[in-house]
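A quick write-up on the structure given underneath.
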Amino acid sequence: GEGRPVIITRSGSITNSISTGPACLPEKKVELQILHDIINTRQHTLDLTMIQRTLLRQTRALSSSIRSAPRTAISKPQFLPATRLPARGPLASARWYATEPEAKKDGEAAASAEGKTEAKAEDPKKKELEAKEREIIDLKDKYVRSVAEFRNLQERTKRDMQAAKDFAIQKFAKDLVDSVDNLDRALTTVPHEKLNAPEKSEHLQDLVSLYEGLKMTEGILMSTLKKHGLERFDPSVEGEKFNPNEHEATFMTPMEGKEDNTVFLTQQKGFKLNGRILRAAKVGVVKNN
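First residue of the sequence shown: 1, per UniProt numbering; consecutive thereafter.
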């Protein structure tokens with residue numbers, strides 16, 4: 001049949017309308033109506049296809065971003081594809097659902113596994129470091145103790161050497177004081193009257209000469225002993241108080257004009273060796289009460 005040409009655009013719309021005047025036949029109207037329905041259907045199909053392609057491109061981009069994201073990043077929401085349902089129309093698409101709790105669990109499990117692996121790798125080194133630190137502390141303690149013991153040993157050895165030097169003649173001095181006592185007794189047995197007599201006979205003069213010789217010998221002997229630290233002391237000369245560390249009281253007696261615990265008589269003189277009592281003096285002590 002005859003009629004005006006119909007121009008269909010890319011979007012499917014009709015640019016030149018078809019005349020439906022009285023000149024058109026009924027069959028032509030039916031044909032044109034069918035053609036119009038076909039064009040509308042094709043336009044709808046094209047729109048759905050474009051929407052489907054757009055959704056597919058977005059879905060692929062989202063899937064790529066999810067695969068490239070690190071597993072440990074559990075703070076971002078993760079999505080998993082849901083089960084595809086049969087499409088009701090020409091559009092076939094897929095839906096995605098957020099599974100954040102499951103993603104968190106997976107991320108925590110992965111982080112825990114990595115942490116355990118790192119802990120196992122670091123554990124031998126940590127144990128070795130702790131063992132070395134304990135060894136250093138132990139060696140330092142032993143060093144400090146050794147230095148302290150060495151210094152104590154030095155001081156103790158020095159004191160022992162000095163004591164051995166000071167009291168090396170202690171046994172010899174104890175044996176010698178008996179001879180000094182005998183010499184002192186010999187000098188005290190000579191009466192002072194004979195020594196101070198104005199006229200001396202020949203025998204008396206010999207006695208005085210002997211006494212003076214013994215006295216000089218005693219002086220030289222005591223001077224020599226003093227050089228070696230041995231000294232003799234007589235507490236009754238200065239009227240000292242009784243000292244149990246230096247004196248040995250053989251008797252006590254009341255005595256007028258003297259205080260209690262005063263030494264008034266020395267029966268045997270005492271000796272000191274380098275300040276230490278070698279032999280205590282035997283004395284008599286005043287006891288009035």
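From the three backbone atoms N, C-alpha and C, an ideal C-beta is built for every residue, glycine too.
For the pair of segments examined, the region 166-175 was found to touch the region 260-278: the number of CB pairs separated by less than 8 Å reaches three.
In the structure shown, H247 falls within a strand segment according to DSSP collapsed to helix, strand and coil.
For Q268, DSSP records a beta bridge to K282. Annotation: E212 is outside any beta strand (DSSP E); the continuous alpha helix (DSSP H) that includes it extends over 202-227.
Counting C-beta pairs closer than 8 Å gives fewer than three between the region 198-208 and the region 231-248, which falls short of the contact rule. Contact annotation: T262 and K241 have beta-carbon atoms nearer than 9 Å. As far as DSSP is concerned, V147 takes part in no beta bridge.
Per DSSP, the continuous alpha helix (DSSP H) segment holding E193 begins and ends at 192-195.
Boundaries of the alpha helix (DSSP H) around F172: 170-188.
E130 carries a helical assignment under DSSP once its states are collapsed to helix, strand and coil. Taking the Cα positions, R60 is about 10 Å away from T54. Residue pairing from DSSP places V263 in a beta bridge opposite V285. A direct Cα-Cα distance of roughly 30 Å separates H228 from V190. With contacts defined as CB atoms closer than 9 Å, T253 and K287 qualify as a contacting pair. Around the CB of R134, fewer than 16 other CB atoms lie within 10 Å, so the residue is classed as exposed. For M50, the three-state secondary structure derived from DSSP is helix.
Per the DSSP secondary-structure output, L139 pairs with nothing in a beta bridge. K142 and A131 have their alpha carbons spaced roughly 16 Å apart. Here M252 carries a strand assignment [DSSP, helix/strand/coil]. Taking 8 Å as the upper bound for CB-CB distance, D184 and E218 are in contact here, some 7 Å apart.
Secondary structure note for F233: its beta strand (DSSP E) is the uninterrupted segment 230-233.
Closest in C-alpha terms to D181, from the list I39, H203, S201, E231, comes E231. According to the DSSP secondary-structure assignment, L273 is paired through a beta bridge with L230, R276. Rounded to the nearest whole angstrom, the C-alpha separation of T188 and G275 is 27 Å. Here the alpha carbon of E256 sits roughly 36 Å from the alpha carbon of P198.
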